[in-house]
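In the working numbering, the protein residues as written are 13 to 118. The C-beta atom is built at its ideal place from N, Cα and C for all residues, glycine as well. Here is the structure we will look at, set down as C-alpha coordinates.
Here it is in C-alpha coordinates:
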(Lines of atoms letter the chains of each structure in order from A and count residues from 1; the text may use other names and numbers.)
(Lines give C-alpha, C1' and ligand atoms only; values in the text may rest on other atoms or scores of the structure.)
Protein backbone atom coordinates (compact mmCIF):
# COMPACT_ATOMS: atom_id res chain seq x y z
CA UNK A 1 0.00 0.00 0.00
CA UNK A 2 2.83 2.37 0.84
CA UNK A 3 4.50 1.70 -2.53
CA UNK A 4 1.23 2.50 -4.30
CA UNK A 5 0.89 5.72 -2.31
CA UNK A 6 4.45 6.78 -3.18
CA UNK A 7 3.89 5.94 -6.85
CA UNK A 8 0.68 7.95 -6.91
CA UNK A 9 2.37 10.90 -5.21
CA UNK A 10 5.23 10.74 -7.72
CA UNK A 11 2.76 10.62 -10.62
CA UNK A 12 0.84 13.63 -9.29
CA UNK A 13 4.09 15.58 -8.80
CA UNK A 14 5.13 14.77 -12.38
CA UNK A 15 1.75 15.87 -13.72
CA UNK A 16 1.91 19.15 -11.79
CA UNK A 17 5.44 19.87 -13.08
CA UNK A 18 4.38 19.01 -16.64
CA UNK A 19 1.30 21.24 -16.41
CA UNK A 20 3.41 24.11 -15.06
CA UNK A 21 6.00 23.67 -17.83
CA UNK A 22 3.26 23.64 -20.49
CA UNK A 23 1.80 26.84 -19.06
CA UNK A 24 5.23 28.47 -19.12
CA UNK A 25 5.80 27.40 -22.74
CA UNK A 26 2.39 28.69 -23.79
CA UNK A 27 3.13 32.01 -22.08
CA UNK A 28 6.51 32.26 -23.83
CA UNK A 29 4.93 31.40 -27.20
CA UNK A 30 2.37 34.19 -26.82
CA UNK A 31 4.53 36.97 -25.34
CA UNK A 32 7.13 39.28 -26.80
CA UNK A 33 10.37 38.39 -25.04
CA UNK A 34 11.62 41.98 -24.82
CA UNK A 35 8.48 43.87 -23.76
CA UNK A 36 6.46 41.12 -22.11
CA UNK A 37 3.42 42.21 -24.13
CA UNK A 38 1.23 39.63 -25.84
CA UNK A 39 2.53 39.02 -29.37
CA UNK A 40 0.79 38.77 -32.73
CA UNK A 41 -0.23 35.12 -32.20
CA UNK A 42 -1.87 36.03 -28.89
CA UNK A 43 -3.58 39.03 -30.50
CA UNK A 44 -5.02 36.86 -33.28
CA UNK A 45 -6.39 34.36 -30.76
CA UNK A 46 -7.84 37.15 -28.62
CA UNK A 47 -9.47 38.95 -31.55
CA UNK A 48 -10.94 35.75 -32.99
CA UNK A 49 -12.50 34.69 -29.69
CA UNK A 50 -13.69 38.22 -28.89
CA UNK A 51 -15.34 38.65 -32.28
CA UNK A 52 -17.01 35.23 -32.02
CA UNK A 53 -18.30 35.94 -28.50
CA UNK A 54 -19.50 39.50 -28.94
CA UNK A 55 -23.06 40.58 -29.61
CA UNK A 56 -22.84 43.18 -32.42
CA UNK A 57 -26.21 44.64 -31.45
CA UNK A 58 -24.98 45.63 -27.99
CA UNK A 59 -21.18 45.65 -28.12
CA UNK A 60 -18.49 47.38 -30.13
CA UNK A 61 -14.88 46.49 -30.70
CA UNK A 62 -12.08 48.99 -31.30
CA UNK A 63 -8.72 48.04 -32.73
CA UNK A 64 -5.70 50.34 -32.92
CA UNK A 65 -2.51 49.59 -34.81
CA UNK A 66 0.61 51.50 -33.81
CA UNK A 67 3.74 51.61 -35.97
CA UNK A 68 6.95 53.18 -34.68
CA UNK A 69 8.08 54.98 -37.85
CA UNK A 70 11.80 55.38 -38.17
CA UNK A 71 12.60 52.77 -35.54
CA UNK A 72 15.24 51.15 -37.76
CA UNK A 73 17.08 54.48 -37.72
CA UNK A 74 17.23 54.34 -33.90
CA UNK A 75 18.79 50.87 -34.04
CA UNK A 76 21.17 51.84 -36.84
CA UNK A 77 22.40 55.09 -35.27
CA UNK A 78 22.14 54.51 -31.52
CA UNK A 79 22.49 50.73 -31.37
CA UNK A 80 20.22 47.81 -30.61
CA UNK A 81 20.57 48.18 -26.85
CA UNK A 82 19.15 51.71 -27.06
CA UNK A 83 16.44 50.46 -29.41
CA UNK A 84 15.51 47.74 -26.91
CA UNK A 85 15.28 50.30 -24.10
CA UNK A 86 13.07 52.50 -26.28
CA UNK A 87 10.74 49.57 -27.03
CA UNK A 88 10.53 48.63 -23.35
CA UNK A 89 9.72 52.23 -22.36
CA UNK A 90 7.12 52.53 -25.14
CA UNK A 91 5.50 49.26 -24.00
CA UNK A 92 5.46 50.48 -20.40
CA UNK A 93 3.80 53.76 -21.36
CA UNK A 94 1.23 51.95 -23.50
CA UNK A 95 0.44 49.65 -20.56
CA UNK A 96 -0.07 52.67 -18.29
CA UNK A 97 -2.20 54.52 -20.85
CA UNK A 98 -4.42 51.52 -21.54
CA UNK A 99 -4.92 50.09 -18.06
CA UNK A 100 -8.68 50.31 -18.38
CA UNK A 101 -8.64 48.51 -21.73
CA UNK A 102 -8.83 44.77 -22.09
CA UNK A 103 -5.84 43.85 -24.27
CA UNK A 104 -2.54 45.24 -25.49
CA UNK A 105 -0.15 43.42 -27.84
CA UNK A 106 3.35 43.87 -29.20
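Straight-line CA distance for residue 18 to residue 38? Each residue's alpha carbon lies about 30 angstroms from the other.
May I ask which residues mark the beginning and end of the alpha helix (DSSP H) holding residue 77? Looking at the DSSP string, residue 77 is not in any alpha helix (DSSP H), and its letter there is neither H nor E.
Between the C-alpha atoms of residue 72 and residue 65, what's the straight-line distance to the nearest angstrom? Going from the Cα of residue 72 to the Cα of residue 65 covers about 12 angstroms.
Note down, in chain order, each residue of its chain lying with its Cβ closer than 8 angstroms to the Cβ of residue 86, except the 5 sequence neighbours on either side. Leaving aside the five residues that flank residue 86 on each side, the residues in its chain whose CB is nearer than 8 angstroms to its CB run, in chain order, 94, 95 and 98.
Taking C-beta to C-beta, are residue 103 and residue 62 nearer than 8 angstroms? Taking 8 angstroms as the Cβ cut-off, residue 103 and residue 62 do not qualify as a contacting pair.
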